[in-house]
Amino acid sequence: MNTGRLEVTSLQLDTPVQFVRGVGPVLADKLQTLGIATVGDLIHYFPFRYEHRPQSQAIGTLRLDETATIVGQISRVRTRGSFGKQVLIANVQDATGTCMIRWFNSPYLHDKLGPGVLIAATGKVSQYRDLGCMTNPKYRIIGNEPLSLVVDAEQFDPVYPANASISSRQIARFIAAALPEVVDQLADPLPDELRRARSLAPRRTAVARYHLPTRVDDIEIARRRLAYDELLLMQLAVQLKRAHVRRSQQASPIRISEEIDRRIRARFGFQLTPGQESAVAEIAADLGRARPMRRLLQADVGAGKTAVALYAALAVIANRRQVVFLAPTEILAEQHHHKICECLAGSRVRVDLLLGNMPRKARDTILRSLADGKTNLVVGTHALLEESVEIPWLGLVIVDEQHRFGVRQRAKLRAKARDPHYLVLTATPIPRTLAMTVFGDLDVSTIYDLPPGRQPVETRLIRSAESSQAWERVRRELRAGRQAFVVYPLVERVESLPLKAAAEEVEVLRRDRLAGFEVELLHGQMPREQKESVMARFTAGEVQALAATTVVEVGIDVPNATVMVVHHAERFGLSQLHQLRGRVGRGAHPSLCLLLSDADNETALARLSVLCRTTDGFVIAEEDLRLRGPGEVVGQRQHGMVEFTVADLARDMDLLEMSRADATALIAEDESLSAPKHRILRIMLVERFGDSIALVDVA
Ligand code: ADP
Ligand code: MG
């Protein structure tokens, strides 16, 4: 019963938002569209920026180009211009001078702003004749108090995410109404001693100040506390889940004798780099335990992850277990299969390739061989994950290029065997802090060095005006027997986009830029046989250039390819461009990467220039994180994991590390968080992550 009486009782955090002063049932429905149902939701709906209104100053002290607030009385108003292009001009006066204010196309103001009205206005100061002037300032009508009494204090007006049915201003008003009534009901999830040790503001203060800061410093102090809380909850969730997995899963330990180690190494035609060696050591230690390895191996393109993965695979096979090697695309699965077979030529290890649309019979044969345990190593794409695939002695799963795979697919595979070891390879170096978040449930090995003899790829940003010379260089490389990739953002042209597309441009290349050379098209939507044959001819050197899409982004290994041309380079992410560039510079010859772009906005140019400056994938990933945010860097893969309201991974590295250490300590002390001082934390954790964490069954 929504009687009027309810409105006079005081608000609680779980009171429906409709009872906040000024809301009512209609606006409550609209707030619902923003996910705000209760008073608690409302006060946890945070601003994403602030509009600064400086403290008011005397008109006589205004300075050109500064943003200022003035308070004064309108002495004169007039309108200029004709319909559709009107400007309202007011002279505003205080004891020290006159300022002119101009409003464009706001005829309705005429009725409100008569002579004698007192207003406060904030805007950038320009000059008109010999007067200071503001154009379309923010303003507030003050009324008719005597001028000498009015001082407008500095303010930071919160700006909230809003939508068409409800405005930021309305939200701000409701929050200002509700906050004083309920702020004291907010409990602090942090034990007091921890909060003090970390010099964090009390949660109550943080919530209040983040909405209504009175000084600029308030904002950051409040933000840090709220961000810390978000990060701590996330770290707790990740670590609890991981502890749970550790407890509940068992794997067969893999023993690596000196003999096994020697025989594996003899398969490589090279010495492992120090980085590869330490990754191998970490993996060997994991495999030797009776609980499953969960390890991410990250290394820049070309660092030699495959060799490390193959070491693990062969060790597991020597222990009579089966290995699955998952690749993100069929092209890559084939390539891995081919290279692994080459490497294992003459051995008794049986390696099979399983793809999505194989002939029925061939597929059945492989499935039977897997089920019988005859196949030791199977390479494939997600087709391997179908229910019908039985791998009874599965001991290790290797996933190349993790973030092409969804989290759900991963779970599916995990359920197949009892508990296989698990190794993920990624060539998108992820900054350490981000890896801790996104791959929180994985241990991380990182290879920082490259095999000897690599030559850095010369990278240049090319504007269309200079493209003729650039193409001349490409032709020179091809004439010298090298090969090239030419990458486009699209397969087919799209009417509404001014972009070149591979399917069309392949003709242009053949006719014009690369006339006389063998040029072929390669993209993900081609039938498999066709892709295969193009790749085979490219690998054999019969095709000299590929007009391609980003199918060549990952893994393709043709050492004779020395040129990478990327059209509309500004359309690609930095890490993606770095991946593309990684397709060249893999052999003995110097290589070249040409980024074609006519972008003229500063951010785009700054991003591209990072690539010209460095070939270090980690530096590039950090920049990408800073310039585009974590969602873009890791893909929208781990939904929710990298999405925070207040925390910002690009800038809160210190908080992330802090929260990680604190989460570890909290769990070590009280794993089920059942101590009274952890009660609030526990409630917040369950509210945020629900059943998806193991906390529930720890209790
Ligand atoms: P990634 O998968 O990390 O991009 P790959 O495993 O494809 O790199 O290795 C890139 C190339 O370097 C391959 O041709 C591989 O044979 C070669 N390679 C790997 N490790 C070494 C090493 N230690 N010394 C020399 N060459 C190596
Ligand atoms: Mg690789």
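The sequence shown begins at 1 in this note's numbering and counts up one residue at a time. We put the beta carbon where it would ideally sit given N, CA and C, even for glycine.
Which of the three DSSP states is assigned to residue i in this structure?
i	result
Y143	Note that residue 143 is Gly in the sequence shown, not Tyr. Looking at G143 - three-state DSSP - the assignment turns out to be strand.
D229	helix
P158	strand
D29	helix
M526	coil
S659	helix
P16	strand
Q455	coil
L62	coil
S10	coil
A545	strand
T98	strand
L88	strand
R196	helix
Q335	helix
H639	The pLDDT assigned to H639 is 39, lower than 50, so where the model puts this residue is not dependable; a value taken from the coordinates is nonetheless given after this. H639: coil per DSSP, three-state reduction.
I556	coil
A716	Nothing can be reported for residue 716: it is not among the residues displayed for the chain, which extend from 1 to 699.
T539	helix
A290	coil
R215	coil
A327	coil
R473	helix
V308	helix
I74	strand
V182	helix
Going straight from the alpha carbon of residue i to that of residue j, what length do you get?
i	j	result
T135	L118	18 Å
A206	R688	19 Å
Y45	I142	29 Å
Q638	A90	At Q638, the pLDDT of 43 sits below 50, so the modelled position is not reliable; the number obtained from the coordinates is stated separately. The alpha-carbon atoms of Q638 and A90 are separated by roughly 54 Å.
V444	L296	5 Å
I59	D94	7 Å
V399	Q335	15 Å
M293	A345	28 Å
L332	P137	58 Å
L34	N163	8 Å
R63	P115	25 Å
D152	S56	5 Å
A503	A121	57 Å
L6	D65	Reliability of the predicted coordinates at L6 is poor, the pLDDT of 48 falling under 50, and the value obtained from them is presented with this limitation in mind. Cα to Cα, the separation comes out at about 51 Å.
L596	S467	8 Å
H52	E154	8 Å
G640	E181	Residue confidence for G640 is low, a pLDDT of 47 falling below 50, so the modelled location carries little weight; the figure read from the coordinates is stated next. Going from the Cα of G640 to the Cα of E181 covers about 31 Å.
S659	P328	34 Å
G123	I683	45 Å
L461	P452	27 Å
D217	E230	20 Å
R49	R169	13 Å
A604	Q579	18 Å
Whole-angstrom Cβ separation of residue i and residue j, contact assumed at under 8 Å?
i	j	result
I317	N376	5 Å
I264	L314	5 Å
D286	H382	Not confirmed; about 25 Å, so no contact.
A290	A251	6 Å
F174	G24	With a Cβ gap of about 11 Å, F174 and G24 do not count as contacting.
P456	G585	7 Å
G524	V301	That pair is no contact at about 19 Å.
V563	L592	5 Å
E518	V534	With 8 Å as the limit, E518 and V534 do not qualify as a contact, their Cβ atoms being about 11 Å apart.
What does DSSP give as the partner residue(s) for residue i in the beta ladder?
i	result
A68	G123
A561	Q483
K138	T122
D461	For the record, residue 461 in the displayed sequence is Leu; it is not Asp. Per DSSP, L595.
I447	A299
L425	L297 and D400
S56	T69
L131	Y128
I166	N163
L42	Paired residue(s): none; L42 is not in a bridge.
Y50	P158
Counting only beta-carbon separations shorter than 8 Å, does residue i have a partner in chain B?
i	result
S388	Reference to chain B is not applicable here, since this structure consists of a single protein chain.
Report task. May I have a chain-ordered list of the alpha helix (DSSP H) segments no shorter than 4 residues that lie completely inside the region 340-403? Result -> 360-371
**Report entry** Whole beta strand (DSSP E) elements within the region 223-276, 3-residue minimum
**Finding:** Correct list: empty.
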